[in-house]
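As structure tokens, then:
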């Protein structure tokens, strides 16, 4: 069953353009892992003033929870760790959001 998911992540100040540049050059193996995990219709929005990243995605199944096990994803996290707030494993600090309203 498809699910809508939204979460926020945190960008270090001054790296807004670099974040966009890196994502415009997203590695094919990262793109493949994301799709393989059942994630689609994935968008990230940037609030430049606050350094806030709002992510929205549709997911099928529960395999998106396993994304952090993929080597390509771990390498991407490391690559992004200098410009984002991260956890000890270099995954982005993220806060899952509760859906408060939806209209089809």
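In the working numbering, the protein residues as written are 4 to 107. Yeah, the Cβ is synthetic: ideal placement off N, Cα and C, and Gly gets one too. Fair warning: this is a prediction, and the values are worked out from it, not measured in the lab.
With DSSP run on the structure shown, which of helix, strand or coil describes residue i?
{"i": "residue 86", "result": "coil"}
{"i": "residue 93", "result": "coil"}
{"i": "residue 75", "result": "helix"}
{"i": "residue 34", "result": "helix"}
Quick one: what's got a C-beta closer than 7 Å to residue i's C-beta in the same chain, skipping five residues either side?
{"i": "residue 90", "result": "96"}
{"i": "residue 87", "result": "12, 13, 14, 15, 95"}
{"i": "residue 79", "result": "30, 33"}
{"i": "residue 93", "result": "80, 81, 84"}
{"i": "residue 100", "result": "9, 10, 11"}
Please classify residue i as buried or exposed, where buried requires at least 16 other C-beta atoms within 10 Å of its C-beta.
{"i": "residue 17", "result": "exposed"}
{"i": "residue 46", "result": "exposed"}
{"i": "residue 83", "result": "buried"}
{"i": "residue 41", "result": "buried"}
{"i": "residue 36", "result": "buried"}
{"i": "residue 98", "result": "exposed"}
Go through its chain and collect everything with a Cβ distance to residue i's Cβ below 6 Å, but skip five positions before and after it.
{"i": "residue 6", "result": "62"}
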